[in-house]
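Scroll down for the structure; my scribbles are underneath it.
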Amino acid sequence: MELVSEKPTRIMEKILLSFRKLFLLSTVCLINFFTVAVNSQNIHENAGTRAMPFLKIGVGAKGISMGESQVALAHDMYAVYWNPAGLSSVKRTQFAAMHNNWFEGISHQFIGVAQPVGRGVISTSIIYLSYGTITGRDANGKETEEFRPRDLAMLLSYSQEFGNTALGLNLKWVSEKIIEDIGAQAIASDIGVLHTIPGKNLAIGLNIQNLGTKAKFVEDSEEAFSLPVNIKFGLAYHVPGDKLAITADINRPSDNDLTFGLGVSLTVLQRLHLRTGYKYELGGNDLGAASGITTGFGITIGDFGLDYALGSLGKFGAVHRFSLLSNF
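One point on numbering: in this note's numbering, the residue at position 48 of the sequence shown is 54, and numbering is uninterrupted.
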């Protein structure tokens with residue numbers, strides 16, 4: 007990727023161009039929405055118009071490996087992304103961390119800790135996305151200084167159960183830096199609801215994500231970008247004995263078409279969890295049907311759990327995610 011120096015009077019054009027390039031990169035490489043694919047007729051009308059697209063990237067290998075269908079199943083620290091209401095199931099101090107390396111130096115990290123307090127659970131977490139080191143160039147193509155675009159979100163979450171229904175709330179400060187001295191910040195929130203139907207082994211979840219302020223990349227500019235609001239709805243069914251779980255999600259992003267996720271998790275030998283799933287975008291996955299397949303496994307030993315997820319970016323190759331979870 008190249009950064010071309012331009013006159014101050016064209017700084018807004020430069021910002022918009024850089025922002026859209028980062029949107030394309032993060033979208034194509036990270037979340038399989040691929041809204042800017044080769045078939046232009048399939049591009050959503052709002053593609054590239056939302057700031058902070060990294061907020062749509064899932065965290066935790068378990069959820070990713072099940073077709074990203076977790077809104078009614080997430081019951082640990084990673085619920086802060088999938089459905090903050092699920093955080094209410096945490097009964098002890100819990101620590102979680104995820105690491106993911108993509109190609110070209112792009113990396114995605116998550117770290118968080120949750121603590122039961124009174125009748126509820128409170129947590130704090132950080133999501134960090136680095137695009138690696140990019141070399142800038144002037145108008146003549148000569149190399150200039152290097153820059154390191156990055157995205158950051160800091161979350162404070164709370165969840166509490168009310169009978170068979172749990173409610174959850176995230177408050178988050180989000181920041182996106184494109185080049186030195188050019189970036190944006192915003193304040194956002196997520197609202198989650200999780201309801202368990204007694205005697206039916208069935209749970210229903212709803213999560214509304216990224217409600218918040220707009221982001222300005224130039225302070226005195228009138229142009230501001232909305233955050234990528236998501237509405238997630240899902241079901242989770244547990245076969246009696248809790249050895250098999252089946253999930254289904256519908257996701258409605260404000261800047262893309264509907265996506266559907268299906269997932270299955272099977273526990274064997276009490277410690278080994280085998281998972282698979284499929285994620286489908288309305289109109290077809292741009293990198294082919296196989297790109298929607300996800301799979302993975304988890305191992306639980308005492309209070310410690312390690313999870314792995316394998317996904318595909320089509321011609322860009324496989325994506326490997328590792329995450330851990332520990333109770334104290």
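Idealized CB from N, CA, C, for every residue including glycine.
No experiment lies behind these values; they were computed from the predicted model shown.
- [ ] Measuring alpha carbon to alpha carbon, tell me which of Q76, V127, K238 ends up nearest T99.
- [x] V127
Task: Residue span of the beta strand (DSSP E) that contains V274, given as start and end - done: 265-274 is the extent of the beta strand (DSSP E) around V274.
Task: Rounded distance between the beta-carbons of R277 and I305, thought under 8 Å - done: 6 Å
- [ ] Decide yes or no for the touch test of the stretch 56-75 against the stretch 296-305: beta carbon pairs closer than 8 Å, at least 3 of them.
- [x] yes
Task: Those runs of the beta strand (DSSP E) which lie wholly inside the stretch 95-141 and span at least 3 residues - done: DSSP runs (the beta strand (DSSP E)) wholly in the stretch 95-141: 100-107, 113-123, 126-136.
Open item on the list: Could you tell me the alpha carbon to alpha carbon distance between A230 and D248, rounded to whole angstroms?
Closed with: 47 Å
Task: From A91, G267, K183, S113, residue whose alpha carbon lies closest to that of Q166 - done: For the residues A91, G267, K183, S113, the minimum Cα distance to Q166 belongs to A91.
Task: Same chain, Cβ closer than 6 Å to V96, neighbours up to 5 away in sequence not counted - done: A120, V127
Open item on the list: With a threshold of 8 Å, are at least 3 pairs of Cβ atoms found where one atom belongs to the stretch 237-245 and the other to the stretch 205-212?
Closed with: yes
- [ ] Measure from the alpha carbon of I63 to the alpha carbon of each residue in A172, K220, A159, N291, then state which is nearest.
- [x] A159
Task: Inter-residue Cα distance where the pair is A57 and V274 - done: 42 Å
- [ ] Could you tell me how far apart the beta carbons of P155 and Y137 are, in whole angstroms, since I believe they sit closer than 8 Å?
- [x] The Cβ separation is near 4 Å, so the contact holds.
TODO: Round the Cβ separation of G169 and N89 to the nearest angstrom and send it over; I've been treating them as touching at under 8 Å.
DONE: Actually they do not touch by this definition, with Cβ atoms about 17 Å apart.
Open item on the list: Which residue wins for smallest C-alpha separation from G289, given the options V86, F116, D263?
Closed with: D263
TODO: Grab the span of the alpha helix (DSSP H) containing G221 for me, first residue to last.
DONE: Before going on, a small fix: residue 221 reads as Ala here, not Gly. In the DSSP assignment, A221 falls outside any alpha helix (DSSP H) and carries neither an H nor an E.
Task: Beta-carbon proximity list for P204, same chain, < 8 Å, skipping 5 on both sides - done: Sequence-distant Cβ neighbours of P204 in its own chain, meaning closer than 8 Å and more than five residues away, are N170.
- [ ] Can you grab the Cα-Cα spacing for the pair V44 / N291, in whole Å?
- [x] Reliability of the predicted coordinates at V44 is poor, the pLDDT of 32 falling under 50, and no value is obtained from them.
Open item on the list: Based on DSSP bridge pairs, tell me the residues matched to L244.
Closed with: First, the amino acid is wrong: residue 244 is His here, not Leu. Beta-bridge pairing links H244 to A251.
TODO: Find out if the Cβ-Cβ distance for the pair K285, G267 is shorter than 7 Å.
DONE: Result yes, Cβ atoms of K285 and G267 sit closer than 7 Å.
- [ ] Tell whether a beta-carbon distance below 7 Å holds between R327 and N106.
- [x] Yes; because the gap between Cβ atoms is below 7 Å, this pair is in contact.
Task: Spatial neighbours of L177 in its chain, beta-carbon cut-off 6 Å, leaving aside the 5 residues before and after - done: L162, S195
Task: Chain-order list of residues whose beta-carbon lies under 6 Å from that of A103 (same chain, five-residue window excluded) - done: I117, L330
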